[in-house]
Amino acid sequence: MPVAWDTLGTGGPIIALLALLSLFSLTLIAVKVIQLWPVRSGAARRAEAFRQWREGDKHAAQKAVAGGASPADRVTAYAMQALAKGFRGPRLEAELMRRGNEEVARMTGMIRTIELIAVISPLLGLLGTVLGMIQSFQELELAEGAANASVLAGGIWQALLTTAAGLLVAIPAAVAAGLLSSRIDSAAHMIESAVGELLLSDENPPV
Numbered sequence: 001m002p003v004a005w006d007t008l009g010t011g012g013p014i015i016a017l018l019a020l021l022s023l024f025s026l027t028l029i030a031v032k033v034i035q036l037w038p039v040r041s042g043a044a045r046r047a048e049a050f051r052q053w054r055e056g057d058k059h060a061a062q063k064a065v066a067g068g069a070s071p072a073d074r075v076t077a078y079a080m081q082a083l084a085k086g087f088r089g090p091r092l093e094a095e096l097m098r099r100g101n102e103e104v105a106r107m108t109g110m111i112r113t114i115e116l117i118a119v120i121s122p123l124l125g126l127l128g129t130v131l132g133m134i135q136s137f138q139e140l141e142l143a144e145g146a147a148n149a150s151v152l153a154g155g156i157w158q159a160l161l162t163t164a165a166g167l168l169v170a171i172p173a174a175v176a177a178g179l180l181s182s183r184i185d186s187a188a189h190m191i192e193s194a195v196g197e198l199l200l201s202d203e204n205p206p207v
């Protein structure tokens, strides 16, 4: 028990846990960056496809968005296929809403985990600091008159190490979660805008 308490006091297991959280967080961030990199692409391609759709060249319009890598391209491609087959009205709009929500849910996957790491890492660091401070003052009490300022300072800096480690894990995770969430919001808006423009083009063909 004393050995385990000493280990906790120096932040050993908490530092190890924070290191694992950091590695896990960086892995998730890398995966999400790769996944979300193309989500805002294809705006020019969709604009050209909508022009072709309005002019009646529906096959060329479908072909233009068929190979798109963004969620807006995929939802637009489905909408064009459905419209070409004669599907319209509330049922089509509901299906497009469902597909759009699926795309957003796919994009937001693991973002909550990154946010959770950003929240709990400083708390774990603070826990390590509190445990370290408790140990330092216990040692000070046991040492009685033999204790000096350097011994106490050594214990305190070891305890504060976990707080610094927690912040080092939390800050990149929080920044990444914010930037990725902003990119997802932008992609979701692009889905909504693309579907709305397509439906408007279909309802109002050129004279």
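Residue numbers (UniProt numbering): 1 to 207. Idealized CB from N, CA, C, for every residue including glycine.
Can you tell me the Cα-Cα spacing of residue i and residue j, whole angstroms?
i	j	result
residue 202	residue 53	8 Å
residue 75	residue 100	7 Å
residue 48	residue 95	24 Å
residue 25	residue 191	28 Å
residue 159	residue 184	39 Å
residue 58	residue 31	36 Å
residue 133	residue 161	11 Å
residue 176	residue 107	14 Å
residue 200	residue 39	23 Å
residue 21	residue 136	26 Å
residue 181	residue 33	11 Å
residue 3	residue 110	Unreliable placement is indicated for residue 3, whose pLDDT of 46 sits below 50; the coordinate value is still reported in the next sentence. Rounded to whole angstroms, residue 3 to residue 110 spans 37 Å at the Cα level.
residue 168	residue 60	51 Å
residue 130	residue 166	13 Å
residue 97	residue 91	10 Å
residue 187	residue 72	7 Å
residue 67	residue 116	35 Å
residue 120	residue 105	23 Å
Can you tell me where the alpha helix (DSSP H) holding residue i begins and where it ends?
i	result
residue 57	Counting along the chain, residue 57 falls outside any alpha helix (DSSP H), and DSSP gives it neither H nor E.
residue 12	12–36
residue 84	71–84
Going by beta carbon distance, what residues of the same chain come within less than 7 Å of residue i, once the five residues before and after it are set aside?
i	result
residue 127	14
residue 41	69, 70
residue 78	99
Any Cβ of chain B within less than 8 Å of the Cβ of residue i?
i	result
residue 181	This model lacks chain B altogether, as it is built from one protein chain only.
Am I right that residue i and residue j are in contact with their C-beta atoms under 8 Å? What's the rounded C-beta distance?
i	j	result
residue 29	residue 114	6 Å
residue 118	residue 174	4 Å
Among residues of its own chain, excluding the 5 on either side of residue i, which ones have a beta-carbon nearer than 8 Å to its beta-carbon?
i	result
residue 9	Summary for residue 9: the model assigns pLDDT 44, below 50, so the residue's position carries little reliability; its value from the coordinates is reported in the next sentence. Excluding residues within five positions, the ones whose Cβ falls inside 8 Å are 131, 132, 134, 135, 136, 155, 158, 159.
Review point. In chain order, which beta strand (DSSP E) runs of at least 3 residues are fully inside the segment 92–175?
Key: Those beta strand (DSSP E) runs which fall completely within the segment 92–175 and span 3+ residues do not exist here.
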